[in-house]
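There are 2 protein chains.
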Amino acid sequence: MARPPAARNKCLDAYISLLCEEGERAATLEATASRAGVSKGGLLYHFASKEALAVGVIESTEEHVQLDLARMSEVPEGASVYYVQTSAEVDTELDRHLVAVQRLAQAGVSSASEMLKDVHSRWFQLILDEVGDQSIAHLVILIGEGLYAHLATPDSWYQSTFDGRLQELLDLVPQLKKLKQLNE
Amino acid sequence: MARPPAARNKCLDAYISLLCEEGERAATLEATASRAGVSKGGLLYHFASKEALAVGVIESTEEHVQLDLARMSEVPEGASVYYVQTSAEVDTELDRHLVAVQRLAQAGVSSASEMLKDVHSRWFQLILDEVGDQSIAHLVILIGEGLYAHLATPDSWYQSTFDGRLQELLDLVPQLKKLKQLNE
DNA sequence: GTCTATAAAAAGATAGAC
DNA sequence: GTCTATCTTTTTATAGAC
Chain E
117 MARPPAARNK CLDAYISLLC EEGERAATLE ATASRAGVSK GGLLYHFASK
167 EALAVGVIES TEEHVQLDLA RMSEVPEGAS VYYVQTSAEV DTELDRHLVA
217 VQRLAQAGVS SASEMLKDVH SRWFQLILDE VGDQSIAHLV ILIGEGLYAH
267 LATPDSWYQS TFDGRLQELL DLVPQLKKLK QLNE
Chain V
117 MARPPAARNK CLDAYISLLC EEGERAATLE ATASRAGVSK GGLLYHFASK
167 EALAVGVIES TEEHVQLDLA RMSEVPEGAS VYYVQTSAEV DTELDRHLVA
217 VQRLAQAGVS SASEMLKDVH SRWFQLILDE VGDQSIAHLV ILIGEGLYAH
267 LATPDSWYQS TFDGRLQELL DLVPQLKKLK QLNE
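Protein chains in written order, with the working numbering: chain E, 117 to 300; chain V, 117 to 300.
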């Protein structure tokens, strides 16, 4: 496919920012157009409807997800550590996209819910491949999810209390594999 | 304070349900009134504005939170296990309220954000009191958050993959305290 | 307390000029 | 491709009857 025009990308980016920062309700056509620096008509040329905008977000997200999964399976520190580490990263393109998709899912966009479900199962599979135990893999997924949930909530408890302690947490992740042995 | 009339409670409950199930945008005055079985005018008698409805949710949530914190500090299995366990519970009044408050926070209602921040810090303190280590306490909080995040996303990956495995996870929680010793 | 009617604003979308 | 003007529907809120 031909590379999309710059204005189209600006619209998509503006919509994603609004979804993340102000929620789905605030992400109106007018607000999106305004933030993208175009008129409502200009926006509607690239995305014929609200729904088309959502589809655009999901397609763009899928590209970022594919890159992430490829890295996750190759990285030297292992899938678990990579997953938790990247879950805590704010302001990466992938995370902005995933937060936006989550907002859409919560607003009832079913293709967004399906994408999240699919992404989670792919992450889970890579982590399971590494740690070799379902319960431990779930634990890792949930820790990442917890970080991500805080990330997705601006001004959360996370920023004030947890800031600077990420490394301590990452150090604990590889230890999780030992839990099962302790348990037996 | 005098006990509020039944219709008022039905309105609040309808608004909370809509926030949880269909998102903040779908939780309009009309939809809320309709679900509560009253007219728009009837709703607006009890809650003079959208904002008043949000305040109502937050006040009601605070009551449920206080009860939960009291239980959490007394329960025999310990604060950590109680916290993770209740994070996984769907359809309790507390969880419905917290999901609703989260939706409001994401929609930019600042008093909702502040309440969530406050609740998290109170949970954290009780867990820290039990486990005695900041990093482990964070781990517990994040696992609960991860569960809660899935709970708050209907039709998530959680239901299909994780269902029935909660007990295994709960068994691992008390083991987390041992991680720090392993690390030293 | 609860309802209907109505007003005022905002949101999504179309048409057509440039 | 991008804009302005306009239309329709939805949403919030008010006024006043019952």
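Each residue gets a CB set at the ideal place from its N, CA and C atoms; glycine is no exception.
Given the structure is predicted, the values throughout are model-derived calculations rather than measurements.
Taking the Cα of T177 (chain V) as reference, the smallest distance to any Cα among V:V197, V:N125, V:A223, V:A195 is reached at V:N125. Taking 9 angstroms as the threshold, the shortest C-beta distance from A265 (chain E) to chain V falls below it. Between L135 (chain V) and I174 (chain E), the alpha-carbon positions lie close to 23 angstroms from each other. For E209 (chain V), no CB of chain E lies under 9 angstroms from its own CB, so it is not counted at the interface with that chain. Membership of R219 (chain E) in the alpha helix (DSSP H) is indicated by the continuous run 209 to 222.
Using a Cβ-Cβ cut-off of 9 angstroms, Q291 (chain E) counts as an interface residue toward chain V, since at least one Cβ of chain V sits closer than that to its own. For S251 (chain E), the residues of chain V that pass the 9 angstroms Cβ criterion are R281, E284, L285, D287, L288, in the order they occur in the chain.
For the region 120 to 144 of chain V, the set of residues with a beta-carbon nearer than 8 angstroms to any beta-carbon of chain E comprises E138, G139, E140, R141, A142, in chain order.
When the alpha-carbon of Q222 (chain V) is set against those of E:A265, E:L185, E:C127, E:A147, the nearest one is in E:A265. Taking 9 angstroms as the upper bound on Cβ-Cβ separation, chain V lies near residues A221, Q222, A223, G224, S226, S229, E230, L232, K233, D234, V235, H236 of the region 220 to 236 of chain E. By alpha-carbon distance to L282 (chain E), the top candidate from E:D245, E:V200, E:H213 is E:V200. Between the alpha carbons of L263 (chain V) and S203 (chain V) lies a distance of about 6 angstroms. Here the region 225 to 244 of chain E does not lie against the region 225 to 237 of chain V, with fewer than 3 beta-carbon pairs under 8 angstroms apart. I257 (chain V) reaches chain E at G262, counting residues in chain order whose Cβ is nearer than 8 angstroms. Spatial neighbours of A143 (chain V) in its own chain (CB-CB distance under 7 angstroms, excluding positions within 5 residues in sequence) are listed in chain order as Y131, L134, L135.
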